[in-house]
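Residue numbers (the working numbering), protein chains in the order written: chain A, 10 to 302; chain B, -2 to 362.
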């Protein structure tokens, strides 16, 4: 490397450095843009209520306190009870959505990838149709549908709705994954004594774990953060999910910014943890098939 | 070990027949090569034997069972794939053990058989590795090992050597041949490389356009190709084919060229061309049966040299003859120059004659 830069002319080195610095500056701006709100959220969450309202703002809290967190996570007081219930509701809805999405998407994606059946192409693009329109368009029709099904004010209505968002992309993502697994592996397994299903279960599924995990994370985050449908379909306080719950909870008490920020921070914890634990699979999923093995 | 019988086997894709009424029998312990150009139906035929594709018609027998409706797992076969198809998340040991586990063998027996197979193929030191940590040749051995660990009735091999480099290919070729001899295994082997087929197989099935062209020993296919396709496909360099016309000069049958020369035929060859469906006849000759002369001799025909290719122990000459190109092999001492006029003498005993219309070999009536 050094020898090439030694022989390179000063002008071209300057050009490279110029691009490199442009890149660095751009990346720095992007990092600040994404990270600063998070940092501000964290800082505000450990301020007292009074400190949070000061102007000019305290950049660094003079008396950091975990009081907001204690209040939110304490099952003894009413705030903590509500918050923990919302948290549990969100976890339940997101978890069930994720499990169902994977259970349906895995065989569906495999079928789209491996089998040729009448209407295959039509069906495959039909699953995407739902994602070609803004979510709000389906709000009223889905609400009517849920009312007919008797699912309004149940978590079932949200799980069903989130599946209509999540499944199409989950199927697309996984199909690409199965397309990259050579069919000869299954053929070899079937000749080696496996049934078609065993070949799928014992050979193909372990290889598609990264894809399944990516799909699961995607479904989970989609369900975890969703607001509009949750706000429309649920009215009873004890059923609310976190995004709606936090919004309602703090619109009654607008001045408690540290509490709001602490709640937002706790809400981001499961997603961050999920990402950190599974990120190596997630990255592998996105780059799988990029290079011929 | 078992025999494999194909009877009137058909495979349609839509209205296109990928395999069209193919019949042949692979005897116990025979090594049969399915050979032909890309898209000739050889791999489809192999997949039909394996049961990976449903047949459109006909019967396939393995041993004394008709296997038409059996799953691949119930056909008692093993297959080696072109891309090896090793299970990437399993170690070599687990790859070899998989077919045995699927048959629910006890653990110690699996262990014993895997070790045995690994020893035969000299891959014992690789058993704990993953396939991606192996070289192409080692992957190839593991793929072979996975096939032989189970002692199946028939081995199916789909171009197992075509992903290897040239040197390794020659080495593995003799290893597979040795493996066949030691195990007395029944093997059906697909290749597009006629040299592989000729050097390894007991019999070869030459396919083209979904049709079985010829099924015989390599020596017979080489010596008596049934039609122009087989003649031009088998042998390297290919048999030279020169389209000519039949004529009678002074009561003798000759082949005549638009270039103005006549090639008198022997009595035996004259009887062959008498059966042709028209006056058009194609003369076929292999490079080693043509003599090259610097001056005209009796029965020779004039030609112009196109290229000269010395290979070390043989020099190949290509020459124009009646609009076609003829391959001739010469000793390396021969001195011939491009564009030189030469005279070619054909060995009447060893030339091939084909019907210019049907492209079938002409036989003495």
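The beta carbon of each residue, even a glycine, is placed where N, CA and C say it ideally should be.
If you're wondering where the values come from, they're calculated on a predicted model, not measured in any experiment.
- As assigned by DSSP and simplified to three states, the class of residue 54 (chain A): DSSP places residue 54 (chain A) in helix when its eight states are reduced to three.
- Query: What in chain B is Cβ-close to residue 79 (chain A), meaning under 8 Å?
  - Reply: Annotation: residue 79 (chain A) has no Cβ neighbours in chain B at a cutoff of 8 Å; minimum Cβ distance is about 47 Å.
- Query: In whole angstroms, what is the alpha-carbon distance linking residue 225 (chain B) and residue 110 (chain B)?
  - Reply: When rounded, the distance between both Cα atoms is 48 Å.
- Query: Using a C-beta cutoff of 8 Å, does residue 175 (chain B) count as contacting chain A?
  - Reply: In terms of beta-carbon proximity, residue 175 (chain B) stays away from the interface with chain A, with every pair separated by 8 Å or more.
- Query: residue 220 (chain B) by DSSP, collapsed to three states: which one?
  - Reply: In the three-state reduction of the DSSP assignment, residue 220 (chain B) falls in the helix class, which pools H, G and I.
- Three-way DSSP call (helix, strand, coil) for residue 340 (chain B) in this model: Strand at residue 340 (chain B).
- Query: Do the CB positions of residue 304 (chain B) and residue 329 (chain B) come within less than 8 Å of each other?
  - Reply: Contact flag unset, no.
- Checking contacts by CB at 8 Å: is residue 100 (chain B) closer than that to chain A? Taking 8 Å as the CB threshold, residue 100 (chain B) lines the interface with chain A.
- Query: Name the DSSP beta bridge partners of residue 326 (chain B), please?
  - Reply: B:313.
- Can you check the stretch 258 to 282 of chain B for any alpha helix (DSSP H) of at least 4 residues that lies completely inside it and give the ranges in chain order? Entirely contained in the stretch 258 to 282 of chain B, the alpha helix (DSSP H) runs reaching 4 residues are, in chain order, 264 to 271.
- Is the Cβ of residue 203 (chain A) closer than 8 Å to any Cβ of chain B? Residue 203 (chain A) counts as touching chain B.
- Query: Could you give the distance in angstroms between the alpha-carbon of residue 234 (chain B) and the alpha-carbon of residue 284 (chain B)?
  - Reply: Approximately 7 Å, taken between the alpha carbons.
- Rounded distance between the beta-carbons of residue 176 (chain A) and residue 223 (chain A), thought under 8 Å: That pair is no contact at about 14 Å.
- Query: Of all the residues that make up the stretch 13 to 28 of chain B, which are near chain A by a beta-carbon distance shorter than 8 Å?
  - Reply: Listed by position along the chain: nothing, the set is empty.
- Burial state of residue 241 (chain A), where buried means 16 or more other Cβ atoms lie within 10 Å: So residue 241 (chain A) ends up on the buried side.
- Item | Contacts that residue 86 (chain B) makes with chain A (C-beta to C-beta distance below 7 Å) | Going along chain A in sequence order, the residues near residue 86 (chain B) (Cβ under 7 Å) are 215 and 216.
- Task: Could you tell me whether the Cβ atoms of residue 238 (chain B) and residue 321 (chain B) are closer together than 8 Å?
- Result: The Cβ atoms of residue 238 (chain B) and residue 321 (chain B) lie closer than 8 Å to each other.
- Query: Residues of chain B with CB under 9 Å from residue 199 (chain A), in chain order?
  - Reply: Within 9 Å Cβ-Cβ: 47, 48, 49, 68, 69 and 70.
- So is residue 120 (chain B) in contact with chain A if we call contact Cβ pairs under 8 Å? Chain A contact via Cβ: absent.
- Query: What separation, rounded to the nearest whole angstrom, lies between the Cα atoms of residue 205 (chain A) and residue 152 (chain B)?
  - Reply: So the alpha carbons of these two residues sit roughly 21 Å apart.
- Using three-state DSSP, classify residue 189 (chain B) as helix, strand or coil. Taken through DSSP and simplified to helix, strand or coil, residue 189 (chain B) comes out as coil.
- Query: If the cut is a Cβ gap below 7 Å, which residues of chain B does residue 191 (chain A) touch?
  - Reply: Here the neighbours are 80 and 82.
- Query: So is residue 344 (chain B) buried or exposed if we call it buried at 16+ other beta carbons inside 10 Å?
  - Reply: Using a 10 angstroms sphere on the CB of residue 344 (chain B), the tally of other CB atoms stays under 16, which defines it as exposed.
- Would the beta-carbon of residue 187 (chain B) fall within 8 Å of that of residue 40 (chain B)? Contact flag set, yes.
- With 8 Å as the limit, tell me which residues of the stretch 156 to 186 of chain B have their beta carbon closer than that to any beta carbon of chain A; keep them in chain order. Listed in chain order, the positions of the stretch 156 to 186 of chain B with a beta carbon within less than 8 Å of a beta carbon of chain A would be empty, since no residue qualifies.
- Going by beta carbon distance, what residues of the same chain come within less than 7 Å of residue 84 (chain A), once the five residues before and after it are set aside? Cβ neighbours of residue 84 (chain A) beyond the five flanking positions: 90 and 93.
- Query: Would the beta-carbon of residue 147 (chain B) fall within 8 Å of that of residue 75 (chain B)?
  - Reply: Judged by their CB atoms, residue 147 (chain B) and residue 75 (chain B) are nearer to each other than the 8 Å cut-off.
- Query: Using the rule of at least 16 other Cβ atoms within 10 Å of the residue's Cβ for burial, across every protein chain shown, is residue 95 (chain B) buried or exposed?
  - Reply: The residue is buried, with at least 16 neighbouring Cβ atoms inside 10 Å.
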